[in-house]
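**Q**
Residue numbers (UniProt numbering), protein chains in the order written: chain A, 1 to 431; chain B, 1 to 431.
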């Protein structure tokens, strides 16, 4: 995936063909009716349901391979297509079929002085490349959202899920066929050669956007090499700032939830900032909650003194590195700050522009926080864990973007479309 | 501008400092009041007005240098800061000051089942890098739009306009100072070393978007090398399709305007497509109009026969290359097609996804055309020349984008902002 691929290799040729097929299919898909796209989604679910036994066999092959390669238990777990995972894929397809079709929406049609009417029409992006790691259910999730939003998809799954992914892609092909949609609307890259990824992320003529789903190193590598635009999600170093005027019960409840409801999601809180004025009243209570749940606390000197004064000593010293770390684990860094400005400074210096919240009763502080913190989601008096496509009402989510351009934060069907300008005239000319 | 810059050179260090200064200034600008931003715009105009004599001297130096380098008359013309150009820069600053401030708009706030309220807040993108060629007025246009939309700007003008640009940037600095805004909100790269551009377009930590303004080769070079997202405009191969049901008078008027009102803009028509059924009635009239205005016609065989039957022989044969060419000149390629599908196929095969129009009275055809032609602006019964920020009601335009992500078509103040998610809670937690 380093240098551009020489144009005459087999992989370059097969990627070119795949890109051309995707572009042609994208045109058909862009004009497909909502009914046909929904039919394809439901029929894909039916095909998956009918393929349960073959899926078990294919998945067992992948798991045996992963075990032989000494992958850890968490890896194997993500790879497993249990009956429950298959049920939820089929259910997911039904849910996507029920979502409103974003394509074709016409908005803001306004009459101009020239007498033309100008507005916007929502259309698919075209061809979307999805590069993901070992979870085979991403094959179905991603294909379903791209299909519903009228886009052709090129999928490149992790080599460890090769057999599972291939069979799932065949189920999608059956679904497309049942709805009379072109088979190339969803294509799987069948080689595990990394050069194929390199070709995909530079195929600006045939691919409109790349969405990588996986670990940070995958996403960094792709961002560095891609010439196709990438909708990406890097770190989720999320903060909550407890302001001096915060309701203490609310602060404890929300900060407990933001950290401990689940540790691994990207929208879990990683750093707690507390205004010095309220720290003696809120920190000992919160530390008690966290320590009781086994959360390791890494604290600044001021926080350490506040906790020590309350008889709490089982904390570690935070290092500079802690403020920049997304733990995704039962570890929380805590810093006591002297002001709202110091809190915002900390977030802008160390944060990842993902999701940040303030707990406050001060209206001016609340407004300054949401205006000045430059993150994809900013919250007043709520848990950072709400930063999620379902919670935000998108119906489904292809991922969370920390980009500023195009889709920011949770990305649903709308994030897979663009708006073009529509002009309705009666023969107007420019003077 | 090829390989990434080694990190220890003087240029790398000065670009890093400039990037950090821009990022800090961007935070101040994002929270600046509309009044302060407007004050800075007006004061910049006043500074330019007061600097007319020094501008003339600086500009004369640039022109002498360009002449010594044997630049052509058109180049010198673009470089010239005449009193009229200066008046229009000052007028432009006033107009941008009068535009509504896009920053802070809150929309779509909806209550979710969890009881949080979720919506969107419009915010500046952050730091915008503008890379442009010899027109010094771009310094002011670009700085004004970025400033009004709350973004910090890093400007890199063409080396031929070096002295003019530097002085104009100083006028902007005076304007910023008069409004109490940070001087680093608008910075000019003062070296003409190309390595500085290479550093700017890869400074993902300090620059949020690059907008190149200039010739195609500049834009292609920047797109190929940039890791910062680029809002770009490549070709403008714009088509008009005269459908079988078109009103002939309207077709003639609109197609005349689309080609001949001005030849050089990117939204001028370059290829005319005509339905075979209407060709004998519309083509001879249109050819007469074009030939009378000195427009060279490059036509397909079917068009040649239609015109020959009407006694018109002064045309050339179009080659495959013609369909892919943006002439920006009094040359038009014409193709007669058998159907709407053939017209759409032609546009999708040869077009540049900029602006395309249909002239028709058939509602179903009109709807298919605007749905299926994948261009930034699609038009029914209007001249492609309307694809313009002012004509579309944006008030001003930083450029036209042929990107699909983020801003598509004419880009105004809104295109220089993004929307983040805003969550208003009362202590809600995720269950």
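No residue lacks a Cβ here, since even glycine has one placed at the ideal position from N, Cα and C.
Do residue 179 of chain B and residue 43 of chain B have their C-beta atoms within less than 9 Å of each other?
**A** yes
**Q** Rounded to the nearest angstrom, what separates residue 36 of chain B and residue 181 of chain B at their Cα positions?
**A** Rounded to the nearest angstrom, the two C-alpha atoms are 7 Å apart.
**Q** At what residues does the beta strand (DSSP E) containing residue 355 of chain B begin and finish?
**A** 355 to 359
**Q** What does residue 137 of chain B touch in chain A if you count any residue whose Cβ is under 9 Å from its own?
**A** Result: empty, since nearest Cβ-Cβ is about 22 Å, beyond 9 Å.
**Q** I want to verify the contact list: residues of chain B whose CB lies under 9 Å from the CB of residue 323 of chain A, in sequence order.
**A** Here the premise fails: no neighbours, minimum Cβ distance about 16 Å.
**Q** Measure from the alpha carbon of residue 276 of chain B to the alpha carbon of each residue in B:291, B:299, B:290, B:303, then state which is nearest.
**A** Each of B:291, B:299, B:290, B:303 was checked against the Cα of residue 276 of chain B, and the nearest Cα belongs to B:303.
**Q** Would you mind sorting residue 249 of chain B into buried or exposed? The rule is 16 or more other CB atoms within 10 Å of its CB.
**A** exposed
**Q** When burial is assigned at 16 or more other CB atoms within 10 Å of the CB, is residue 408 of chain B buried or exposed?
**A** buried
**Q** Please list the residues of the segment 247 to 258 of chain B that have a C-beta atom closer than 9 Å to any C-beta atom in chain A, keeping them in chain order.
**A** 247, 249, 250, 251, 253, 254, 256, 257, 258
**Q** Closer than 7 Å between beta carbons: that is the criterion. Which residues of the segment 333 to 363 of chain B meet it against chain C?
**A** The structure shown contains no chain C; the protein chains it does contain are A and B.
**Q** Measuring CA to CA, which of A:401, A:123, A:379 is closest to residue 378 of chain B?
**A** A:123
**Q** How many Å lie between residue 110 of chain A and residue 119 of chain A at the Cα?
**A** 6 Å
**Q** How many angstroms separate the CA atom of residue 267 of chain A from the CA atom of residue 323 of chain A?
**A** 16 Å
**Q** Who are the Cβ neighbours of residue 291 of chain B in its own chain at under 8 Å, not counting the five residues just before and after it?
**A** 297, 312, 314
**Q** Got a sec, what are the start and stop residues for the alpha helix (DSSP H) residue 88 of chain A sits in?
**A** 83 to 98
**Q** Check residue 159 of chain A in the structure and name its three-state DSSP category.
**A** DSSP, read as helix, strand or coil, puts residue 159 of chain A in helix.
**Q** Distance cutoff 9 Å, beta carbons only. Does residue 118 of chain A sit that close to anything in chain B?
**A** Taking Cβ atoms only, chain B reaches closer than 9 Å to residue 118 of chain A, which makes this a yes.
**Q** If you draw a straight line from the C-alpha of residue 192 of chain B to the C-alpha of residue 169 of chain B, how long is it?
**A** 15 Å
**Q** Do residue 47 of chain B and residue 171 of chain B come within 9 Å of each other at the CB atom, strictly closer than that value?
**A** yes
**Q** How big is the Cα-Cα spacing for residue 79 of chain A and residue 217 of chain A?
**A** For residue 79 of chain A and residue 217 of chain A, the distance between alpha carbons rounds to 19 Å.
**Q** Measuring alpha carbon to alpha carbon, tell me which residue in A:99, A:92, A:429, A:69 is nearest residue 142 of chain A.
**A** The residue among A:99, A:92, A:429, A:69 with its C-alpha nearest the C-alpha of residue 142 of chain A is A:92.
**Q** Please list the segments of the beta strand (DSSP E) lying wholly inside the segment 295 to 374 of chain B, counting only runs of 3 or more residues, in order along the chain.
**A** 296 to 299, 331 to 337, 355 to 359
**Q** Considering only residues of the same chain and omitting the five flanking positions on each side of residue 340 of chain A, which have a CB-CB separation below 6 Å?
**A** 365
**Q** Taking DSSP as the reference, what is the three-state secondary structure of residue 146 of chain B?
**A** Assigned with DSSP and collapsed to three states, residue 146 of chain B falls in helix.
**Q** Is residue 205 of chain B near the ligand MG, with its Cβ less than 8 Å from a heavy atom?
**A** You won't find the ligand MG in this model; it holds no ligand whatsoever.
**Q** Evaluate contact between the segment 8 to 23 of chain A and the segment 53 to 72 of chain A, counting only Cβ atoms and requiring at least three cross-stretch pairs below 8 Å.
**A** no
**Q** Just the chain B side, please: which residues come within less than 7 Å of residue 297 of chain A by C-beta, in chain order?
**A** Those do not exist, as residue 297 of chain A stays about 20 Å from chain B at its closest Cβ, beyond 7 Å.
**Q** Is residue 293 of chain B buried or exposed, if buried means 16 or more other CB atoms sit within 10 Å of its CB?
**A** exposed
**Q** To the nearest angstrom, report how far apart residue 184 of chain B and residue 152 of chain B are at their CA atoms.
**A** The alpha-carbon atoms of residue 184 of chain B and residue 152 of chain B are separated by roughly 8 Å.
**Q** Exposed or buried, residue 384 of chain B, counting other C-beta atoms within 10 Å across all chains shown (16 or more means buried)?
**A** Looking at its Cβ environment, which holds 16 or more other Cβ atoms inside 10 Å, residue 384 of chain B is buried.
**Q** In chain B, what lies closer than 7 Å to residue 320 of chain A by C-beta?
**A** Those within 7 Å of residue 320 of chain A in chain B number zero; the least Cβ separation is about 17 Å.
**Q** Please classify residue 70 of chain B as buried or exposed, where buried requires at least 16 neighbouring CB atoms within 10 angstroms.
**A** exposed
**Q** In chain order, which continuous runs of the alpha helix (DSSP H) of length 4 or greater are located wholly inside the segment 219 to 285 of chain A?
**A** 248 to 260
**Q** Could you pull out every residue in the same chain whose Cβ sits closer than 6 Å to the Cβ of residue 174 of chain B, ignoring the five residues on either side in sequence?
**A** 47
**Q** Contact defined as beta carbons within less than 8 Å: I believe residue 434 of chain A pairs with residue 375 of chain A. What is the distance between those atoms, to the nearest angstrom?
**A** Since the first residue shown for chain A is 1 and the last is 431, residue 434 of chain A is missing from the structure and cannot be characterised.
**Q** Need the endpoints of the beta strand (DSSP E) that residue 120 of chain B sits in, please.
**A** 117 to 124
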